[in-house]
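Take any residue in the sequence shown, count from 1 to its spot, add 1380: that is its number in the numbering used here.
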Amino acid sequence: MPDYLITPAGRKIAYHLTDGSAPAVVFLGGFKSDMGGTKAVFLEDWARRQGRAFLRFDYSGHGDSSGAFTDGAIGDWYHDAQAAIGLVAGPVVLVGSSMGGWISLLLARSQPDRVAGLVTIAAAPDFTEDSMWAGATEAQRAALMTDGQIALPSEYGDPYIITRRLIEDGRDYLVLRAPLQLPFPVRFLQGTADKDVDMAVAQRLLDHAQGPDMRLTLVDGADHRFSDDACLALIADSITDVIARAER
1381 MPDYLITPAG
1391 RKIAYHLTDG
1401 SAPAVVFLGG
1411 FKSDMGGTKA
1421 VFLEDWARRQ
1431 GRAFLRFDYS
1441 GHGDSSGAFT
1451 DGAIGDWYHD
1461 AQAAIGLVAG
1471 PVVLVGSSMG
1481 GWISLLLARS
1491 QPDRVAGLVT
1501 IAAAPDFTED
1511 SMWAGATEAQ
1521 RAALMTDGQI
1531 ALPSEYGDPY
1541 IITRRLIEDG
1551 RDYLVLRAPL
1561 QLPFPVRFLQ
1571 GTADKDVDMA
1581 VAQRLLDHAQ
1591 GPDMRLTLVD
1601 GADHRFSDDA
1611 CLALIADSIT
1621 DVIARAER
């Protein structure tokens, strides 16, 4: 059973925290995913074997946390993540998957002194604007503004309900429009067969961000899930590399 915290906004966030050495590794999941996913559970087991502190959690409206998914937006989930990393003391290594990559960049921008390193997996910064809004038809945009929401097909099950608030709120949290300093070891991981986040997004992020130790690794044939055995091993190796470099 998960533990729970109450955020300053009153949201009830479910989490699992494994004690261990610092820096703690914090996994930030994707849009409409939860902390029971393959990558999160694999990394928890890996961290336990390493004796490394590890935190996974569900944003509000996701998994075991309170709230409805359609009531949430990027700002809410970012503030949920802020509250969650308050559960651990000292430096953290952020591991952000898809939307979690965007959230992790927001955390890194607002709390650079807390972040010892960053690993992103198919990071999707600014996707509400650059993918959802930019990719919507005029009819979809009109419906979104008039009706407050539209349904978009998903390869992962039920259609995604995209709300006007999600789009408008996202504009307050964009990270690719202004300088983005990442003053710690960073590893961006991206699959070439990802149908949700194009390789161009990873390249744009690498080109846009500024930092002393950033690398982009492309994995031929890997999809958005990035969770076969080879990909999982690469994630763990990337975290190990980031920690080793941060401790030099």
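Cβ atoms here follow ideal geometry from the backbone N, Cα and C, with glycine treated the same way.
In the structure shown, what three-state DSSP assignment does Arg1584 receive? Within the sequence shown, residue 1584 is the residue found at index 204, counting from 1. Helix, per DSSP.
Bounding residues of the alpha helix (DSSP H) (the contiguous stretch that carries His1442): Translated into positions along the sequence shown, residue 1442 becomes position 62. Here His1442 belongs to no alpha helix (DSSP H), and DSSP marks it neither H nor E.
Helix, strand or coil, according to DSSP, for Ala1589 in the structure here? Position 209 of the sequence shown holds residue 1589. Correct three-state label for Ala1589: strand.
Once you ignore the five residues that flank Phe1434 on each side, which residues in its own chain have a CB closer than 6 Å to its CB? Position 54 of the sequence shown holds residue 1434. Leaving aside the five residues that flank Phe1434 on each side, the residues in its chain whose CB is nearer than 6 Å to its CB run, in chain order, Thr1398, Val1405, Glu1424, Ala1427.
Limits of the unbroken alpha helix (DSSP H) element including Val1421: Your numbering for residue 1421 matches position 41 in the sequence shown. Bounds of the alpha helix (DSSP H) holding Val1421 are 1418 to 1430.
Buried versus exposed call for Ser1490 [16 or more other C-beta atoms within 10 Å across all chains shown]: In the sequence shown, counting from the first residue as 1, residue 1490 sits at position 110. The residue in question, Ser1490, is exposed, as its Cβ has fewer than 16 Cβ neighbours within 10 Å.
What first and last residue would you give for the alpha helix (DSSP H) that runs through Val1622? Counting from 1 along the sequence shown, the entry for residue 1622 is found at position 242. Counting along the chain, the alpha helix (DSSP H) containing Val1622 begins and ends at 1609 to 1626.
Is it right to say Gln1590 is buried, meaning 16 or more other beta carbons lie within 10 angstroms of its own, or is it exposed? Along the sequence shown, read from residue 1 onward, the residue named residue 1590 stands at position 210. Exposed is the call here.
Can you have a look at Leu1532 and say buried or exposed, based on whether 16 or more other CB atoms are within 10 angstroms of its CB? Here residue 1532 corresponds to residue number 152 of the sequence shown, with the count starting at 1. Counting Cβ neighbours within 10 Å, Leu1532 comes out exposed, since fewer than 16 surround it.
Just the C-alpha distance for Leu1612 and Asp1383, rounded to the nearest angstrom, thanks. Position 232 of the sequence shown, counted from the start, is the residue given in the question as residue 1612. Position 3 of the sequence shown, counted from the start, is the residue given in the question as residue 1383. Going from the Cα of Leu1612 to the Cα of Asp1383 covers about 26 Å.
Compare the Cα-Cα distances from Pro1565 to each of Arg1391, Val1555, Ala1626 and report the closest residue. Indexing the sequence shown from 1 puts residue 1565 at position 185. Taking the Cα of Pro1565 as reference, the smallest distance to any Cα among Arg1391, Val1555, Ala1626 is reached at Ala1626.
Enclosing alpha helix (DSSP H) for Met1479 [first to last residue]: As a position in the sequence shown, residue 1479 is number 99, starting the count at 1. For Met1479, the enclosing alpha helix (DSSP H) has its first and last residue at 1479 to 1490.
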